[in-house]
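Residue numbers (UniProt numbering): 1 to 237.
I have placed the structure first, in the form of structure tokens, so that the comments after it can refer back to it.
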């Protein structure tokens, strides 16, 4: 237990929970930002009063934007939405893709990437050295981690080539950015009904041309997508 009877989450050390009878509150900490969530207004007020007594803080009121994520609420339907439209717009401008075509898919069907497409000549190496491949992949990664599971597979594939990216790999990354331009206003929606846990998974077979490894992925839903991952397992199928 920590102060004020908060219990630290076993999986994420930045999440704390406090329970008192039927009242529950969660505290989410990131550097000097704190989100408070709970089902009892009085408990939340007491927690804020306790926090204010521990250190200087400013109550920003109802959360609407944090860490590049916009929060929308529809209390009449008990629904909450998360979007990163502003963050994605900044990413598009950073990589000069704000006026690009709008992509239909994050990765075209049937596309094959491998290390064989890496630069081979000095001219190719020089040209690719001026392209911010790793920076673009990292920027997309943040969107994938927060609100964009639909891009997880394409990012998993393109992120393998950060140390040896060629023109084909960069073209695939730009396809993700074009897709994000078209879909930047999409939301993750939560709530509105009975809590039902659903899980889905899938895997390809030897889809990695470099080492014959397979691609796998999964998604879990609890009145909205709560956990997702696309990756190449360490073992060969």
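The C-beta atom is built at its ideal place from N, Cα and C for all residues, glycine as well.
Residue environment, residue 42, which counts as buried when at least 16 other CB atoms sit within 10 Å:
As a working mapping, residue 42 is identified with position 42 in the chain shown. When all chains shown are included, residue 42 counts as exposed.
With residue 98 and residue 92 assumed to form a contact (beta carbons below 8 Å), what rounded beta-carbon distance in angstroms separates them?
Within the chain shown, residue 98 is the residue found at index 98, counting from 1. Within the chain shown, residue 92 is the residue found at index 92, counting from 1. Right, their Cβ atoms sit about 4 Å apart.
Indicate whether residue 72 and residue 113 have their beta-carbon atoms separated by less than 8 Å.
Here residue 72 is taken as the residue at index 72 of the chain shown, counted from 1. Here residue 113 is taken as the residue at index 113 of the chain shown, counted from 1. Their beta carbons are not under 8 Å apart, which means residue 72 does not touch residue 113 by this criterion.
Ranges of the beta strand (DSSP E) found wholly within the region 153 to 225, counting only runs of at least 3
188 to 191, 197 to 203 and 216 to 222
Proximity to residue 108 [Cα-Cα], best of 177, 223, 184 and 205:
For the purposes of this step, residue 108 is taken as residue 108 along the chain shown, with counting starting at 1. When each option's Cα is compared against that of residue 108, the closest is 177.
To the nearest angstrom, how far is the alpha carbon of residue 215 from that of residue 227?
Position 215 of the chain shown, counted from the first residue, corresponds to residue 215. Position 227 of the chain shown, counted from the first residue, corresponds to residue 227. Roughly 17 Å separates the two Cα atoms.
Continuous alpha helix (DSSP H) stretch holding residue 129: start and end:
Working through the chain shown from its first residue, we reach residue 129 at position 129. Unbroken alpha helix (DSSP H) run through residue 129: 122 to 129.
Contact under 8 Å by Cβ, residue 199 with residue 79:
Here residue 199 refers to the residue found at position 199 when the chain shown is read from its first residue. Here residue 79 refers to the residue found at position 79 when the chain shown is read from its first residue. In this structure, residue 79 does not lie closer than 8 Å to residue 199 by Cβ.
Kindly indicate which residue of 121, 146 and 152 has the alpha-carbon position closest to the one of residue 165.
As a position in the chain shown, residue 165 is number 165, starting the count at 1. The candidate whose alpha carbon is nearest that of residue 165 is 121.
The beta strand (DSSP E) with residue 33 in it runs from where to where?
Taking the first residue of the chain shown as 1, we reach residue 33 at position 33. 33 to 38 is the span of the beta strand (DSSP E), which, as asked, contains residue 33.
Whole angstroms is fine: what's the gap from residue 67's alpha carbon to residue 145's?
By one-based count along the chain shown, residue 67 stands at place 67. By one-based count along the chain shown, residue 145 stands at place 145. Cα to Cα, residue 67 sits roughly 12 Å from residue 145.
For residue 133, report the span of its alpha helix (DSSP H) as first-last.
As a working note, residue 133 is residue 133 in the chain shown. Looking at the DSSP string, the run of the alpha helix (DSSP H) that includes residue 133 is 133 to 146.
Check residue 230 in the structure and name its three-state DSSP category.
The sequence position of residue 230 within the chain shown is 230, counting from 1. Strand at residue 230.
Could you tell me whether any Cβ in chain B is nearer than 8 Å to the Cβ of residue 40?
Here chain B cannot be found, since the structure has a single protein chain.
Distance, residue 224 Cα to residue 16 Cα:
Counting from 1 along the chain shown, the entry for residue 16 is found at position 16. Counting from 1 along the chain shown, the entry for residue 224 is found at position 224. Answer to the nearest angstrom: the Cα atoms are 22 Å apart.
According to the neighbour-count rule (16 or more other Cβ atoms, all chains shown, within 10 Å of its Cβ), is residue 180 buried or exposed?
On the chain shown, residue 180 is found 180 positions in, with the first residue counted as 1. Residue 180 comes out buried.
Would you check if the region 147 to 156 and the region 43 to 63 touch, i.e. whether three or more CB-CB distances between them fall below 8 Å?
no
In the DSSP assignment, what residue or residues form a beta bridge with residue 20?
Within the chain shown, residue 20 is the residue found at index 20, counting from 1. The partner list for residue 20 (beta bridge, DSSP) reads 23.
Length of the line joining the Cα atoms of residue 59 and residue 81:
The sequence position of residue 59 within the chain shown is 59, counting from 1. The sequence position of residue 81 within the chain shown is 81, counting from 1. In a straight line, the C-alpha of residue 59 is about 22 Å away from that of residue 81.
Here's a check: name, in chain order, each residue in its chain whose Cβ is nearer than 8 Å to the Cβ of residue 100, leaving out the five neighbours to either side.
In the chain shown, residue 100 corresponds to position 100, counting from 1. Excluding residues within five positions, the ones whose Cβ falls inside 8 Å are 92, 174, 177, 178 and 181.
Nearest to residue 20 by alpha carbon, out of 159, 47, 31 and 28?
Locating residue 20 in the chain shown gives position 20, where the first residue counts as 1. Ranking 159, 47, 31 and 28 by Cα distance to residue 20 puts 47 first.
Short check: CB of residue 83 to CB of residue 205, under 8 Å?
Sequence index remark: in the chain shown, residue 83 carries index 83 (1-based). Sequence index remark: in the chain shown, residue 205 carries index 205 (1-based). Taking 8 Å as the Cβ cut-off, residue 83 and residue 205 do not qualify as a contacting pair.
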